[in-house]
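Take any residue in the sequence shown, count from 1 to its spot, add 1: that is its number in my numbering.
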Amino acid sequence: MKRCALAVGALFSLLALTPAFATPQEDETRAFFTRFVAAQNAHDLTRIRTMLWDSPKMLWFARGEANWGPDAVVSKLKEYYKGTWQLQPDMSHFSVVMLNDDVAQLMVPVAFTRGHPGEAAQVDTFLISQTLLKGKDGWHVASIMPLADTHFK
């Protein structure tokens, strides 16, 4: 009986460490974001393009510049990929809010290792805010907004 009580206690302790109450959509968005980061780290522009919302209103705000539409985003990434560009998200601080079944707002701190060609890379951490939209073929990034303050308040 004592072993059973200890086992149940251990199980509840493990459950407390996992996002046990995550909805399927939250799990999907986490998996999608992980694939999006992997595509960026692989510099796979073709894969990235398929993951972006196919709309001229798709927005990536980076380095003080608004990049509107998926083709502009891919063009900017192609330029960045000539140098160093690697992302390391802190998934222990990944947060997603489902605005409805087809719209998600996520936030996660991401360390960017980046540098222009021939220059030493530097690491900067930003809190990344992304809006995801779900279409008939899955999730897509509708907007990406980096924030300099990486702490949730």
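Built from N, CA and C at the ideal position, the CB exists for glycine as well.
In DSSP terms, what residue i is bridged to
i, result
"V142", "L53, L133"
"L60", "W69, S144"
Pick from the options that is closest to residue i, judged by C-alpha positions
i, options, result
"P25", "S93, F127, V97", "V97"
"I53", "V75, A32, T35", "In the sequence on display, residue 53 carries Leu and not Ile. Residue V75 is the option with its Cα nearest to L53."
"P71", "I129, S56, P90", "S56"
"K79", "K58, P90, F95, R50", "R50"
"Q87", "A32, D28, A43, D138", "A43"
"T114", "Q89, L148, F34, F95", "Q89"
"S93", "P110, D28, M99", "P110"
Other residues of its chain near residue i: CB distance less than 8 Å, five sequence neighbours each side excluded
i, result
"D102", "Q26, K135"
"Q123", "T114, R115, G116"
"G65", "none"
N-terminal and C-terminal residue of the beta strand (DSSP E) that residue i is part of
i, result
"A32", "Where A32 is concerned, there is no enclosing beta strand (DSSP E), although the alpha helix (DSSP H) it sits in stretches over 25-42."
Residue i: CB within 8 Å of a non-hydrogen atom of the ligand NAP
i, result
"D103", "Of the ligands one can find in the structure shown there are none, so the ligand NAP has no counterpart to examine."
Sequence-distant residues of its chain with Cβ nearer than 6 Å to residue i (five each side left out)
i, result
"S163", "Any question about residue 163 goes unanswered here, given that the chain covers just 2 to 154."
"K77", "N68"
"H117", "G84"
"L15", "With a pLDDT of only 38 at L15, under 50, the local geometry of the prediction cannot be trusted, and the value read off the model is given with reservation. Excluding positions up to five away in sequence, the list is empty."
"F62", "M146"
"A112", "Q89, V124, T126"
"T35", "none"
Cut-off 7 Å between Cβ atoms - residues of its own chain near residue i, not counting five sequence neighbours on either side
i, result
"T30", "V97, A105, L107, L133, W140"
Ignoring anything shorter than 3 residues, give me the beta strand (DSSP E) runs that lie fully in the region 71-129, in order along the chain. 85-90, 96-101, 104-116
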